[in-house]
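One structure is given here, and the rest of the page talks about it.
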Amino acid sequence: MKSKSEVCVLAAAGMLGSSFDKEAFMQALSYNPDVIGCDSGTSDSGPFYPGTGIPRMNRKAAKRDLELMIVEGVRRGIPVLIGSAGTSGSDPAVSWMVDIVREIASEQNLHFKLAEIKTELTREQLAAYMKAGKLHPLEGAPQFEEKDLDTLTRCISVVGPEPFIEAVNNGAQVVICGRCTDTSIYSAIPIMYGLDNGYAWHAAKVLECGTLATVLEKRHGSMLAWIREDSASLEPAAGDMAVSPVSAASHALYENSDPFYLLEPGRNVITKDAVYIQETDRRVKIVGSQLEKMPYTVKLEGVRFEGYRRVSIAGVSDPLILKQFDSWLAECIEQAKQKIQRGMGISPDQYRLRHIVYGNPADPNTTCVGVVFDIVAPTEQDADGIISNVWHTVLHVPIAEWEGAQSQAAFPFSPPDLQTQQGGATYSFCLNHVIEVEAPLETCRIRYLSL
Amino acid sequence: MKLYQLAKLIRSKNAGPFMLTLDILFADDESYHKAAACEQLSAEHVAQLYGIAPERMRRYLVPKARAIKFSFPRVHPSGDFLDTDLYGCQQHRPLVELELPD
């Protein structure tokens, strides 16, 4: 395998579709980076995205960012690596992004080899890992047992850098990968050139959010890293931004439970003894990062379907209600449940109902308290009926201080209930586990397309 | 003195769907060391503040980032039916006005 003593890695942005600063990106290309990478996913926006496979980002915005990266990357012969495609990195999200890449290639009359990497596991595959005792929960994750397989909607493996390396070694100029660790996008090419060390991984961790690791993020955009045998350097592409030892070190904390050890597929990245040195006024050098090889494990993210959600938002302003708010609201809920039972024949154990109160009814300065009523039911029809019973009951539950017909809730729109996307389809995370694998490519399917 | 008067940033965020993490960052070494030495910012005390069993609260001192970090399992996983904070980003409140000795 070819090797290099220094590899330059360009992170176009912290998130694909964030409409990164074009000028800074073009500036970064003047350093002749060995790779252009961008992360496109996160589990932070919750279980809906892996549940449905629908991307969070706007298609136009994703296309704008992809086009900049692909046109420049293909023209200059720099591999373009996209990880965790379309928010969840699920199979449909990868297909969604591959479709955008095809469109760009055709519109720009570009010809290149595209690698599509899908990383979902079937229930059967997961069952086999479970049977072999190779599935283990990560901290805080619930137990996942054989019976839970039936309710599992989707299971996505979070792959390491090896699938990217495989694709690039097979001539892929653009790689659209399913769920992968954020750092794998940026460590892949240094590893391919023989630098599978603490610096490749530590720098990748700082790069993964683009310019978020700068002292003051004036505009979101590109970050550069230079990976060597004995150090890494980091610099934002935009000339008016800088990284400092503290800003780089702080980023090792971000969205991480442990700031000193970063568990990656087959590796433990140790940043505990790393030293950050201000190299120029905008650039930081890292020394002392370490890498420990570990048995190869791959993380799994999994979700299950919970039902259909409906929501209603009510404002309550009457001071006499606010004085007895908790008991009035409890009465509303109780009456709604009875009405749903009587009219629809649905008992409270067949759906879930909660309310969240925004504002403090006990504070005499409060002029309005917001209440969100939130229900999840097994069918859309039931969900529609339940929420309308809830808000309509709330509207008319009287208080003893007034006589006659009373209306108690201000609804800001009609209808007074709404559904979240996709008919209110609601999911929950049920897997945040690792599996032991024999080979890093075991959980992925790679397909090459000549565009 | 309240913690926000000493810190430059107090934040909370998900660390994966099942964990929550709190970061307290300081502008200078002196503030960092002062806070790190406070009993009010021990793992035990912060566990109590958040109603978490003390053995589930992990504290990290990160002098290079001038940061104190706490990580612990979420009561409700991110986006679960009973969750009220998808990103876990408004969970730092109990720390902001925490009273520290002057």
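Chains as they are written, first to last, in my numbering: chain A, 1 to 451; chain B, 452 to 553. From the three backbone atoms N, C-alpha and C, an ideal C-beta is built for every residue, glycine too. No experiment lies behind these values; they were computed from the predicted model shown.
- What D258 of chain A touches in chain B, judged by beta-carbon distance under 8 angstroms, is R509, Y511, S522, going in chain order.
- A distance below 6 angstroms between beta-carbons, with the five flanking residues on each side excluded, links Q290 of chain A to the following residues of its chain, in chain order: G198, I270.
- Along the region 524 to 543 of chain B, going in chain order, the ones with a CB nearer than 8 angstroms to a CB of chain A are P524, R525, P528, S529, G530, D531, F532, L533, T535, L537, Y538.
- At the C-beta level, I387 of chain A and R310 of chain A come within 9 angstroms of one another.
- Sequence-distant Cβ neighbours of G370 of chain A in its own chain, meaning closer than 7 angstroms and more than five residues away, are I313, G315, Y358, G359.
- Neighbours of L476 of chain B in chain A, taken as residues at a C-beta separation under 7 angstroms, are given in chain order as S250.
- Distance from the CA atom of Q350 of chain A to the CA atom of M344 of chain A, rounded to whole angstroms, is 11 angstroms.
- The CB of P245 of chain A comes closer than 8 angstroms to the CB of K515 in chain B, given here in chain order.
- In the pairwise beta carbon analysis, the region 206 to 213 of chain A is classified as touching the region 8 to 24 of chain A: at least three pairs are separated by under 8 angstroms.
- Note: T87 of chain A is bridge-paired with A:G41 in the DSSP secondary-structure output.
- Between L138 of chain A and chain B, the shortest Cβ-Cβ separation is below 9 angstroms.
- Counting only residues of its own chain and dropping the five nearest sequence neighbours on each side, A24 of chain A has a CB closer than 6 angstroms to the CB of G221, S222, A237, A238.
- Here H396 of chain A is exposed: its Cβ has fewer than 16 other Cβ atoms, across all protein chains shown, within 10 Å.
- Cβ contact annotation for V434 of chain A (same chain, cutoff 6 angstroms, sequence separation greater than five): H136, T297, K299, in chain order.
- Burial of T472 of chain B is indicated by the presence of at least 16 other C-beta atoms within 10 angstroms of its C-beta.
- Taking a Cβ-Cβ cut-off of 7 angstroms, the neighbours of I356 of chain A in chain B comprise T535, given in sequence order.
- In the structure shown, P236 of chain A adopts extended strand secondary structure according to DSSP, grouped into three states.
- Contact between the region 406 to 421 of chain A and the region 334 to 342 of chain A is not established, with fewer than three Cβ pairs separated by less than 8 angstroms.
- A contact between stretches requires three or more CB pairs, one per stretch, nearer than 8 angstroms, and the region 34 to 47 of chain A meets this requirement with the region 70 to 83 of chain A.
- M452 of chain B has a beta carbon lying at 9 angstroms or more from every beta carbon in chain A.
- At a cut-off of 9 angstroms between C-beta atoms, P468 of chain B counts as an interface residue with respect to chain A.
- Judged by their CB atoms, L234 of chain A and A249 of chain A are not nearer to each other than the 9 angstroms cut-off.
- In its chain, beyond the 5 residues on either side, S244, P245, V284 have a beta carbon closer than 7 angstroms to the beta carbon of Q278 of chain A.
- Taking the Cβ atoms as the reference, R517 of chain B lies roughly 4 angstroms from Y483 of chain B, within the contact range of under 8 angstroms.
- Your pair V80 of chain A and G86 of chain A does not check out as a contact, with CB atoms roughly 16 angstroms apart and the cut at 8 angstroms.
- Considering only beta carbons, the part of the region 44 to 61 of chain A lying closer than 8 angstroms to chain B consists of D44, S45, G46, P47, F48, in chain order.
- Here the alpha carbons of F48 of chain A and R123 of chain A stand approximately 19 angstroms from one another.
- For A188 of chain A, the enclosing alpha helix (DSSP H) has its first and last residue at 182 to 192.
- The C-beta separation of S43 of chain A from E301 of chain A comes to about 6 angstroms, placing the pair in contact by the 8 angstroms criterion.
- At a beta-carbon threshold of 7 angstroms, the residues of chain A lying near A518 of chain B are S250, L253, ordered along the chain.
- By the Cβ criterion, the region 158 to 171 of chain A is not in contact with the region 134 to 150 of chain A, since fewer than three pairs of Cβ atoms, one from each stretch, lie closer than 8 angstroms.
- Taking 9 angstroms as the CB threshold, K464 of chain B lines the interface with chain A.
- Residue environment analysis places E403 of chain A among the exposed positions, since fewer than 16 neighbouring C-beta atoms fall within 10 angstroms of its C-beta.
- Interface criterion not met: the Cβ of N268 of chain A is under 9 angstroms from no Cβ in chain B.
- In the same chain as S493 of chain B, and ignoring 5 residues on each side of it, the C-beta atoms closer than 8 angstroms to its own belong to R510, in chain order.
- Within 10 angstroms of the beta-carbon of Q408 of chain A lie 16 or more other beta-carbons, which makes it buried.
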